[in-house]
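J.: With my numbering applied, the sequence shown covers 397 to 472.
Okay, here's the structure, questions in a sec.
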Amino acid sequence: MELTVKDRVETGEMLPLMEEFYTIQGEGFHKGTAAYFIRVGGCDVGCHWCDVKESWNAHLHPPTETSLIVENAAKY
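Structure follows, in structure tokens:
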């Protein structure tokens, strides 16, 4: 039986990917060093000070294979 997208998200084979990008760290101890950010949707904490509230709803972001996310990050 083939797993559905929902099943694959629940098992971690796929993640609701909001964005991923390479950049130079702009703050903190690692300021000035290379960084690769991976932001996934579905945070259920709901911090009032959150600057990325659009990440809260996992259904707004495309389910992406975890292996592809790792492959993209490994390029850097």
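By construction, the Cβ of each residue, glycine as well, lies at the ideal position given by its N, Cα and C atoms.
Only a predicted model underlies this, so the values are computations on that prediction, with no experimental measurement involved.
Check Thr419 in the structure and name its three-state DSSP category.
T.: Here Thr419 sits in strand by DSSP.
J.: I'd like the list of long-range same chain contacts for Thr462, defined as Cβ closer than 7 Å, with 5 residues on each side in sequence excluded.
T.: Only Gly408, Glu409, Met410, Leu411 meet the Cβ criterion.
J.: Val401 to Lys471, Cα distance in whole Å?
T.: Using only the alpha carbons, I get a separation of about 26 Å.
J.: In the DSSP assignment, find the alpha helix (DSSP H) that holds Ala469 and state where it starts and stops.
T.: 462-470 is the extent of the alpha helix (DSSP H) around Ala469.
J.: Just the C-alpha distance for Leu459 and Val405, rounded to the nearest angstrom, thanks.
T.: The identity of residue 459 in the sequence shown is Pro, whereas the question assumes Leu. Answer to the nearest angstrom: the Cα atoms are 7 Å apart.
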